[in-house]
Amino acid sequence: MLELARFYSEDMPKPEDAVEEFRSFRALYSELKMDLTTDAVLPFLIANDMDRAYPHLTILHKIYKTLPISSASAERSFSRLRLIKTYLRSCMDEARLSNLTLLCVERDIHIVKDKVVGRFATMKERRMKI
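Residue numbers (our numbering): 17 to 146.
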């Protein structure tokens, strides 16, 4: 617990106090005889206004909730980004890159082509008149 708190020391006021908070919460938890899962600890702390009493424990659980389960989705996104950048590197601005990446990563979303064409057709005409 102390190693974990020291690893995230930038997010906590005093990482050394995290161990004492954990011991105190464990004693409270055993007295209450509740069936709390790891995912239920943070909502329990917040619902009972204990997040101020256990600030380090609250911070560690918030970090735990935001950590990805695996890196596969992030790696897939980066590999797609590399493919897109290789193909269109010279003629792309940041907005276009972002949109193409979104389309590539979220390819399982069904897009109705007629709606896209209709929306494009109703956009302002940009041709120069002679």
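Using N, Cα and C, we set each Cβ at its ideal position, and we do this for glycine too.
Within 10 angstroms of its Cβ, does residue 136 collect 16 or more other Cβ (buried), or is it exposed? With fewer than 16 other Cβ atoms inside 10 Å of its own Cβ, residue 136 counts as exposed.
Inter-residue Cα distance where the pair is residue 128 and residue 134: Going from the Cα of residue 128 to the Cα of residue 134 covers about 10 Å.
For the alpha helix (DSSP H) holding residue 69, just list the boundary residues, first then last. It is not in any alpha helix (DSSP H) - residue 69 carries neither H nor E in the DSSP assignment.
Pick from 114, 125, 117, 71: whose alpha carbon is nearest that of residue 40? Taking only the C-alpha atoms, the option nearest residue 40 is 71.
Cβ-Cβ separation, residue 52 to residue 60 (assumed contact under 8 Å), whole Å: Contact between residue 60 and residue 52 holds: CB atoms are separated by about 6 Å, below the 8 Å threshold.
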